[in-house]
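Have a look at the structure below, then the notes.
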Amino acid sequence: MMSAPHQSIASPAVTATEQPRHPLRLRLRPKALTTGYVDGAWWPRSRDLAAELPALLAVLAVRLGVVPRVSYNLQEWDTAPRKIAAEGVRVRLDGFWSRPAHTLDVIAGDRRRLTLLLVQPDTDPSAAHRTMMRASERDNTDTVEELLRADTRDSAQSTVDAWEDEGGRIPRQKLREEAL
Numbered sequence: 012m013m014s015a016p017h018q019s020i021a022s023p024a025v026t027a028t029e030q031p032r033h034p035l036r037l038r039l040r041p042k043a044l045t046t047g048y049v050d051g052a053w054w055p056r057s058r059d060l061a062a063e064l065p066a067l068l069a070v071l072a073v074r075l076g077v078v079p080r081v082s083y084n085l086q087e088w089d090t091a092p093r094k095i096a097a098e099g100v101r102v103r104l105d106g107f108w109s110r111p112a113h114t115l116d117v118i119a120g121d122r123r124r125l126t127l128l129l130v131q132p133d134t135d136p137s138a139a140h141r142t143m144m145r146a147s148e149r150d151n152t153d154t155v156e157e158l159l160r161a162d163t164r165d166s167a168q169s170t171v172d173a174w175e176d177e178g179g180r181i182p183r184q185k186l187r188e189e190a191l
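Add 11 to the 1-based position in the sequence shown for my numbering, that's all there is to it.
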């Protein structure tokens with residue numbers, strides 16, 4: 012896997028000490044044996060990974076313990092340092108171009124891993140909520156693409172339903188043609 016340029020490895024880790032101003036937008040599957048592609052979903056407020064991670068890692072420490080490594084897709088985040096210090100722990104940030112899009116892996120010291128669906132910061136709140144709830148269902152086996160596509164499909168259908176409820180009407184034949 013190819014890594015993109017980051018700050019030099021010899022540079023000191025960025026220290027994150029500021030407490031979050033808003034509640035963390037995170038949904039995890041229940042702690043049990045699971046199947047599927049993701050273990051939950053995270054909806055950060057920005058594309059600044061170094062600023063967003065400390066709050067996430069503090070919450071995930073309850074389930075995973077110390078988290079020394081996070082792996083992410085470089086296209087989804089602003090430039091990030093190679094390491095950050097969160098809660099006194101140095102966390103290595105591994106950015107890859109080949110990493111699956113819309114996911115983030117949080118890797119514990121004992122190598123347990125959580126793969127989180129990444130909901131883009133500018134996502135509509137109701138769409139983000141639906142996607143996060145679906146991704147965190149115990150028996151969910153949807154791929155990342157299916158999770159993100161389902162929200163678009165649900166959103167389009169709810170727009171049609173709202174329009175019809177307000178007096179508009181789409182002929183059934185037209186709906187069938189669009190479904191094909």
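Every residue, glycine too, gets a C-beta built ideally from N, C-alpha and C.
Pull up the distance between the alpha-carbon of residue i and that of residue j, whole angstroms please.
{"i": "arginine 145", "j": "glycine 47", "result": "12 Å"}
{"i": "alanine 72", "j": "alanine 97", "result": "11 Å"}
{"i": "serine 166", "j": "aspartate 116", "result": "Summary for serine 166: the model assigns pLDDT 48, below 50, so the residue's position carries little reliability, and this model does not support an answer."}
{"i": "asparagine 84", "j": "serine 57", "result": "15 Å"}
{"i": "threonine 134", "j": "glycine 106", "result": "22 Å"}
{"i": "leucine 37", "j": "proline 65", "result": "13 Å"}
{"i": "valine 155", "j": "proline 111", "result": "9 Å"}
{"i": "leucine 159", "j": "arginine 74", "result": "26 Å"}
{"i": "arginine 40", "j": "alanine 69", "result": "17 Å"}
{"i": "arginine 141", "j": "aspartate 121", "result": "32 Å"}
{"i": "methionine 94", "j": "glutamate 148", "result": "A small fix is needed here, since residue 94 is lysine in this sequence, not methionine. About 32 Å."}
{"i": "arginine 80", "j": "leucine 104", "result": "6 Å"}
{"i": "glutamate 157", "j": "leucine 67", "result": "24 Å"}
{"i": "glycine 51", "j": "valine 100", "result": "23 Å"}
{"i": "threonine 152", "j": "histidine 33", "result": "30 Å"}
{"i": "glutamine 86", "j": "glycine 76", "result": "28 Å"}
{"i": "serine 109", "j": "arginine 123", "result": "21 Å"}
{"i": "valine 49", "j": "leucine 125", "result": "8 Å"}
{"i": "serine 82", "j": "proline 132", "result": "18 Å"}
{"i": "alanine 161", "j": "histidine 113", "result": "14 Å"}
{"i": "serine 137", "j": "methionine 143", "result": "10 Å"}
Measure the beta-carbon distance from residue i to residue j and round it to whole angstroms, keeping in mind my assumption that it falls under 8 Å.
{"i": "tryptophan 53", "j": "valine 130", "result": "7 Å"}
{"i": "alanine 119", "j": "valine 78", "result": "6 Å"}
{"i": "alanine 91", "j": "leucine 60", "result": "4 Å"}
Since residue i sits in a beta bridge, which residues does DSSP pair it with?
{"i": "arginine 38", "result": "Ala52"}
{"i": "serine 82", "result": "Asp105 and Asp116"}
Does DSSP put residue i in a helix, in a strand, or in coil?
{"i": "valine 70", "result": "helix"}
{"i": "arginine 149", "result": "coil"}
{"i": "arginine 160", "result": "helix"}
{"i": "valine 155", "result": "helix"}
{"i": "proline 92", "result": "coil"}
Can you list the beta strand (DSSP E) stretches of 3 or more residues lying completely in the segment 94-143, in chain order? 94-97, 100-107, 114-118 and 124-129
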